[in-house]
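Residue numbers (the numbering used here): 27 to 117.
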């Protein structure tokens, strides 16, 4: 399924965080841990997964024709710890 996003939000995230929504193409969904969130009045998915050796967090929602990226950033140390704890529990 293709991705879509708000271009102004993409540019804002690129300036503020140095992360380009275009990089979602490299997000390794096989490593992702995903949970549902109903924040914002719609069903959203918060996924933590890797691009290379770096953990990222993407918030997305499903649209009819595409996955809409709401937020995309490098994971902070707390999120890395949570990912490490949850991924080792699955093994």
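No residue lacks a Cβ here, since even glycine has one placed at the ideal position from N, Cα and C.
Remember, predicted model here, so these are calculated numbers, not experimental data.
By the neighbour-count criterion, in which 16 or more other beta carbons inside 10 Å mark a residue as buried, residue 74 falls on the buried side. An exposed status is given to residue 55, since fewer than 16 other beta-carbon atoms sit within 10 Å of its beta-carbon. A residue is called buried when at least 16 other Cβ atoms come within 10 angstroms of its Cβ; residue 58 meets this threshold and is buried.
Check the Cα spacing between residue 102 and each of 31, 76 and 32: the tightest is with 76. Contact check for residue 39 against residue 47 passes: the beta carbons are separated by less than 8 Å. When secondary structure is reduced to three states using DSSP, residue 64 falls in the coil class, being assigned neither helix nor strand. Residue 99 carries a strand assignment under DSSP once its states are collapsed to helix, strand and coil. Counting only the Cα atoms, residue 68 lies some 16 Å from residue 31.
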